[in-house]
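A quick write-up on the structure given underneath.
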Amino acid sequence: MTGTSHAVQLKGGRGLAHPEGAIDPDEHGQDSTGVHRPTGRSRYREETGTSAFAILIGVYPGEGVRRSAGRRFAGPIETIAQGVAERVIDLVIETLDVNALIERINLNAVLARVELNDLLRRVDLNEVLDQVDLNRVIDRVDVNQVLDRVDVDRLVARLDMNALIDRVDVNEIVGRIDIEALVKNTDLGAVMVSSSTSLLTEAVDLGRSHAVSLDDTLARWVSWLWRNHTTRLGPPELVNPQEES
Amino acid sequence: MTGPADAGVPVSGPGGAPARRVPLTTRQHLRGHYAGFASRFIAFAFDCAISIGVFELALVASSFAASVLAGTSIHWSRGNTWVILGFFAWEFFYYAYFWTASGKTPGMVLLGVQVVGEEGGHAGTRRGLIRTLAFPLSFILAGFGFLGILLGRDRRALHDVIAGTAVVYCWDAREARIRSLARRSAARRR
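Chains as they are written, first to last, in the working numbering: chain C, 1 to 245; chain X, 246 to 435.
Written out as structure tokens, the structure reads:
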């Protein structure tokens, strides 16, 4: 009997309840964690409530069936379950009104929990920008709507106007203005006349302009007669080299 | 622009209109550019008129003063040595004073031209005096001394070369152009 019982012990001791053998119960049915886990034999005893079939101890008939059934059906069932889960997820997503869901999300609260600086530090903005077709983005933006939502006063209050003006080349801007058109088409001309010119100024301007025209004409004649004739614009201290070129 | 050769640059009109020549005064302020022959000549003509007029007035005034104070009238003859000497002294003073002081005689002020050093700075007393002394040379050489204004690279006459000076425009042509436009626009609105 001892041999049988030993053999039975060996069979039963494999722990049907723990086919992986992760936790091996001892002969008292306790595993290393101290939890009572009945072995196959003791479980049979517990299940039958008798020790009359001692000979059958360790040869629990359902055990083999259970194992082979498990082996046979586990794969297909798992595949089916996975298919079902995927289908269910698809259905759920199709049914979901994402817009409604987004509306229910308090984005401010979400954003408040995001550490933007950390996030930005991790992002290579140049790489991101390289991938962005800005023209398409801008085409899709309703600028008026954006501007409606901007608090311009607050924005301006945050600007360092002096720093901004320091970066502006005022001379270049003034150079771009068509002053002649401005004077011609606005009341600016009248203001200028009333404040700065007199008949004498007018006469002097006219005389000088005619004299310069004569200078120009003479110079053109000379350059026509003397093909290789070149002149300089003015003394180096008075004429900008850029103007000269 | 490198010279007067391209001074009258053709500029196409709006909407592909035919090209037109834009006046020099419209395109450039001209301040600091070498002055041309016409401006300088007209300025000199004004100076001649002013200086001779003042000299004649001085002769008339001295004659009148002598008749009032001494009771004898003096008739100045143009061939009188003292009158000729006085005239040259006056002319020397007239040009020397204005060229050394500001670089501008009254005629030059009217035409908007000024005498400067060849680098563009103030002419100064020494150069002003040398220029005044060398000025007659340009006349004595049958006027050839003035050819440099037309043909020279820096538009300098003989007396300019000797004194190390140049003559430049000192008025803003664009400003004048804008004033002229303003006057026209104001006249239209009235």
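Just so you know, even glycine gets a beta-carbon here, dropped at the ideal spot from N, CA and C. Being a predicted model, the structure only gives us computed values, none of them experimental.
Neighbour-count burial assignment, residue i, 16 or more Cβ in a 10 Å radius
i      : result
X:R285 : buried
X:C293 : exposed
C:T95  : exposed
X:F384 : exposed
X:L403 : buried
X:T345 : buried
X:S318 : exposed
C:V132 : exposed
C:S68  : exposed
X:A431 : buried
X:S296 : buried
X:H412 : Here the sequence assigns Val to residue 412 of chain X, which means His is not the residue at that position. Flag for X:V412 reads buried.
C:E27  : Because C:E27 sits at a pLDDT of 48, beneath the cut-off of 50, its placement in the model cannot be relied upon, and the point is left open.
C:R149 : exposed
X:A280 : buried
C:V212 : buried
C:D169 : exposed
C:G64  : exposed
C:A181 : exposed
C:P76  : exposed
C:A219 : buried
C:E20  : In this prediction, C:E20 scores a pLDDT of 43, lower than 50, which makes its location untrustworthy; the coordinate-derived value is nonetheless stated afterwards. The residue in question, C:E20, is exposed, as its Cβ has fewer than 16 Cβ neighbours within 10 Å.
X:R428 : buried
Opening and closing residue of the beta strand (DSSP E) in which residue i lies
i      : result
X:V360 : V358 to G362
C:V132 : Premise fails: C:V132 is in no beta strand (DSSP E) and is neither H nor E.
C:V114 : Careful: C:V114 lies outside any beta strand (DSSP E) and carries neither H nor E.
X:A411 : T410 to Y414
Limits of the unbroken alpha helix (DSSP H) element including residue i
i      : result
C:V212 : L199 to L225
C:I177 : Neither: C:I177 is in no alpha helix (DSSP H) and is coded neither H nor E.
C:R104 : V98 to R104
C:R158 : V152 to R158
C:V143 : V143 to D148
C:L233 : C:L233 -> no alpha helix (DSSP H), and no H or E assigned at all.
C:A163 : M161 to D166
X:G393 : L392 to L396
Cβ neighbours of residue i in the same chain (closer than 6 Å, five flanking residues each side left out)
i      : result
X:V328 : W321
X:R419 : H274
X:L356 : S284, I287 and A288
X:G409 : E363 and R372
C:H6   : Confidence at C:H6 is low in this model, with a pLDDT of 43, below 50, so its placement is unreliable and the value that follows should be read with caution. Correct list: empty, nothing qualifies.
X:L189 : Nothing can be reported for residue 189 of chain X, as the shown portion of chain X is limited to 246 through 435.
C:N162 : none
C:D319 : Here chain C comprises residues numbered 1 to 245, so residue 319 of chain C is not present and cannot be evaluated.
X:G277 : V413
Own chain residues within Cβ distance below 8 Å of residue i, not counting five before or after
i      : result
X:K349 : F343, V358, Q359, V360 and C415
X:A303 : W335
X:G298 : none
X:G390 : L382, S383, F384, A402, L403 and H404
Same chain, Cβ closer than 7 Å to residue i, five either side skipped, listed in chain order
i      : result
C:A22  : The predicted model places C:A22 with a pLDDT of 42, which falls under 50 and marks its position as unreliable; any figure quoted below should be read in that light. Taken in chain order, the list of residues that qualify is empty.
X:F332 : F300
C:L129 : none
Residue-chain proximity (residue i, chain B), Cβ-Cβ < 8 Å
i      : result
X:V413 : No chain B appears in the structure shown, which is made up of the protein chains C and X.
Could you tell me whether the stretch 228-239 of chain C touches the stretch 377-389 of chain X, where touching means 3 or more Cβ pairs closer than 8 Å?
-> no
Runs of alpha helix (DSSP H) lying entirely within the stretch 281-368 of chain X, each at least 4 residues, in chain order = Taken in chain order, the whole alpha helix (DSSP H) runs of length 4 or more contained in the stretch 281-368 of chain X are 282-314, 326-346 and 351-356.
Check whether the stretch 414-433 of chain X touches the stretch 205-212 of chain C, taking contact to mean three or more Cβ pairs, one atom from each stretch, closer than 8 Å.
-> yes
Stretch pair the stretch 327-341 of chain X + the stretch 308-315 of chain X: three plus CB contacts closer than 8 Å | In short, these stretches do not touch, since the Cβ pair count stays below three.
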